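As structure tokens, the structure follows; a few thoughts come after it.
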């Protein structure tokens, strides 16, 4: 059961995460215990974040050792709004590039885009990182930044 705190309830949090087409920041730990942050495209479905990355990416190794993460999805322009929290990750193959394809559609809007062609190359070995949140904290500074 996800604990929601801050400006948004569950419904508003889901609406923000659906409309905010910004990358997610995911924090984890390297094997030596030092922190590591990566930026990934995401989609939020049925209360779970889904990201895609290459199967040989360093974060996959780090998450194999420790599946706990911190997450942040926030706007980079005024008014600042966002959701951050913690969760656990499950790693699954994305053999048909279904998750990656959905992310390309979400972020690029066109599979004919040169980056889309590179990402969706059939020889890519991709995995889906499914982040099941434990707690989500949201903020929305729209009112106090209205004049900015």
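Residue numbers (the working numbering): -18 to 129. Each residue gets a CB set at the ideal place from its N, CA and C atoms; glycine is no exception. Please read these numbers as outputs of a predicted model, since none were measured by experiment.
Bridge partners - residue i, DSSP secondary structure assignment
i           : result
residue 33  : 109
residue 10  : 16
residue 116 : -16, 67
residue 130 : Residue 130 is absent from the structure shown; the chain starts at -18 and stops at 129.
residue 82  : Its beta-bridge partners do not exist; DSSP assigns none.
residue 24  : 31
residue 73  : 109
Residue i burial status per 10 Å Cβ neighbour count (16 or more: buried)
i           : result
residue 52  : buried
residue 114 : buried
residue 99  : exposed
residue 9   : buried
residue 86  : exposed
residue 75  : buried
Given residue i as reference, the closest of the options once Cα atoms are compared
i           : options           : result
residue 71  : 1, -18, 47, 5     : 47
residue -11 : 120, 8, -1        : 120
residue 27  : 125, 111, 127     : 111
residue 31  : 13, 16, 39, 6     : 6
residue 20  : 13, 33, -16, 29   : 33
residue 1   : 45, 38, 54        : 54
residue -15 : 125, 124, 118, 43 : 118
residue 58  : 127, -18, -17     : 127
residue 69  : 11, -7, 116, 15   : 116
residue 50  : 90, -13, 65       : 65
residue -6  : 11, 108, 29       : 29
residue 125 : 60, 88, 73        : 60
residue 43  : 35, 11, 90        : 11
residue 77  : 94, 90, -13, 109  : 109
Distance between beta carbons of residue j and residue i, contact taken as under 8 Å
i           : j           : result
residue 62  : residue 122 : 7 Å
residue 101 : residue 82  : 6 Å
residue 3   : residue 67  : So it is not a contact: roughly 19 Å between Cβ atoms.
residue 17  : residue 84  : In fact, because the Cβ distance is near 21 Å, the residues do not count as touching under 8 Å.
residue 106 : residue 37  : 7 Å
is_contact[residue i, chain B] using C-beta, thresh 8 Å
i          : result
residue 18 : The structure shown has no chain B; it contains just one protein chain.
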